[in-house]
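For the sequence shown, full-length UniProt numbering begins at 1 and goes up steadily by one. Glycine included, each C-beta is placed from N, C-alpha and C at the ideal position.
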Amino acid sequence: MMGKVNIIITKKIIAATALVILFAIAGADVASAHCDTMDGPVIKAAQNALETGNVNPVLIWIQKEDEDEIKEAFRKTLEVRKLSPEARNLADMYFFETLVRIHRAGEGAPYTGLKPAGAVEPVILAADRALENGSDEQLLKLLTHNMQNGVNKQFKDVMDKKNYDPNNVDAGREYAEAYVEFTHYVEQLYETAKSPSDHSIETESQQNTTQPQVKVGDRPEVNLIKEGIDRLKEQLTMAWRWSTSWH
Numbered sequence: 001m002m003g004k005v006n007i008i009i010t011k012k013i014i015a016a017t018a019l020v021i022l023f024a025i026a027g028a029d030v031a032s033a034h035c036d037t038m039d040g041p042v043i044k045a046a047q048n049a050l051e052t053g054n055v056n057p058v059l060i061w062i063q064k065e066d067e068d069e070i071k072e073a074f075r076k077t078l079e080v081r082k083l084s085p086e087a088r089n090l091a092d093m094y095f096f097e098t099l100v101r102i103h104r105a106g107e108g109a110p111y112t113g114l115k116p117a118g119a120v121e122p123v124i125l126a127a128d129r130a131l132e133n134g135s136d137e138q139l140l141k142l143l144t145h146n147m148q149n150g151v152n153k154q155f156k157d158v159m160d161k162k163n164y165d166p167n168n169v170d171a172g173r174e175y176a177e178a179y180v181e182f183t184h185y186v187e188q189l190y191e192t193a194k195s196p197s198d199h200s201i202e203t204e205s206q207q208n209t210t211q212p213q214v215k216v217g218d219r220p221e222v223n224l225i226k227e228g229i230d231r232l233k234e235q236l237t238m239a240w241r242w243s244t245s246w247h
């Protein structure tokens with residue numbers, strides 16, 4: 001019977017770790033997708049460039065090798081804008097789409113069209129407002145509120161199932177599942193909340209003591225996948241050791 005519990009726990013570990021990987025990748029895509037929106041920083045930079053006739057504000061959002069293409073698109077847009085109000089609107093949209101498409105390509109992400117204003121998560125809007133206001137107070141309140149709610153919910157679920165009858169395997173299984181979900185949830189929060197320097201120090205320490213440094217790639221989503229896979233290996237090893245200890 002205990003073997004069945006261990007199998008279920010192992011499956012939960014695999015599922016939870018897979019979700020960590022998927023959420024990490026999805027989170028990277030959401031953050032970059034903010035640049036697809038009509039109220040995102042890339043479009044705002046484009047609007048500023050068109051109004052002032054200065055292309056420099058948009059160049060920071062693209063790779064250096066793409067500058068010539070954007071500068072040519074910018075020049076054509078300025079010429080067409082002079083023809084009529086209708087031509088101005090069409091030219092602006094052409095430039096917006098060209099700029100966002102090239103920006104996304106520079107991130108290694110596909111271009112899926114421009115999104116309407118407001119098509120982003122509240123936390124992204126809060127992050128933008130924090131940068132505009134020069135204060136991260138409201139952003140931290142939002143993050144802390146959601147984190148506390150999540151931890152409280154997961155914690156309560158585990159505590160409600162903790163004092164089960166040792167002879168009730170089904171109740172014990174429910175506790176074990178809730179425990180795994182809770183610990184992985186807080187682990188994900190902890191890992192995500194670390195600053196880049198924290199990750200770098202830990203990674204360098206691990207590489208110096210266990211294996212030679214290996215360059216994965218410059219794309220953040222590749223590193224996220226590798227981290228998720230490494231974590232999955234560690235958790236599977238722990239689950240296997242736990243299951244064999246009962247035999």
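Would DSSP call residue i helix, strand or coil?
{"i": "T37", "result": "strand"}
{"i": "K82", "result": "coil"}
{"i": "Q213", "result": "In this predicted model, Q213 has a pLDDT of only 44, less than 50, meaning its place in the structure is not dependable; the value taken from the coordinates is given anyway. Here Q213 sits in coil by DSSP."}
{"i": "K4", "result": "Unreliable positioning characterises K4 in this predicted model, as indicated by a pLDDT of 49, which lies under 50. The coordinate reading is nonetheless provided below. DSSP places K4 in helix when its eight states are reduced to three."}
{"i": "A109", "result": "coil"}
{"i": "R219", "result": "Residue confidence is low: R219 scores 48 on pLDDT, short of 50, so the model does not pin down where it sits. Its coordinate-derived value is still stated next. Three-state result, R219: coil."}
Could you tell me the boundaries of the alpha helix (DSSP H) in which residue i lies?
{"i": "L131", "result": "122-133"}
{"i": "Y185", "result": "169-193"}
{"i": "E59", "result": "Checking the displayed sequence, the identity of residue 59 turns out to be Leu instead of Glu. Looking at the DSSP string, the run of the alpha helix (DSSP H) that includes L59 is 56-59."}
{"i": "K156", "result": "137-162"}
For the putative contact between residue i and residue j, defined by C-beta atoms under 8 angstroms, what is the C-beta separation to the nearest angstrom?
{"i": "I102", "j": "I60", "result": "Actually they do not touch by this definition, with Cβ atoms about 13 angstroms apart."}
{"i": "L142", "j": "V123", "result": "6 angstroms"}
{"i": "D66", "j": "G106", "result": "6 angstroms"}
Would a C-beta distance cut-off of 7 angstroms place residue i and residue j closer than the cut-off?
{"i": "A87", "j": "V80", "result": "yes"}
{"i": "L99", "j": "A171", "result": "no"}
{"i": "L139", "j": "A126", "result": "yes"}
{"i": "K153", "j": "Y175", "result": "no"}
{"i": "residue 248", "j": "K71", "result": "Because the chain here runs from 1 to 247, residue 248 falls outside it and cannot be looked at."}
{"i": "K115", "j": "D165", "result": "no"}
{"i": "D39", "j": "A117", "result": "yes"}
Beta-carbon of residue i versus every beta-carbon of chain C: anything under 7 angstroms?
{"i": "L142", "result": "Absent here is chain C; the protein component of the structure consists of one chain."}
*Quick check: the segment 151-162 against the segment 181-188, are there 3 or more CB pairs under 8 angstroms?*
yes
*Are there three or more Cβ pairs, one per stretch, closer than 8 angstroms when the segment 89-96 is compared with the segment 38-52?*
yes
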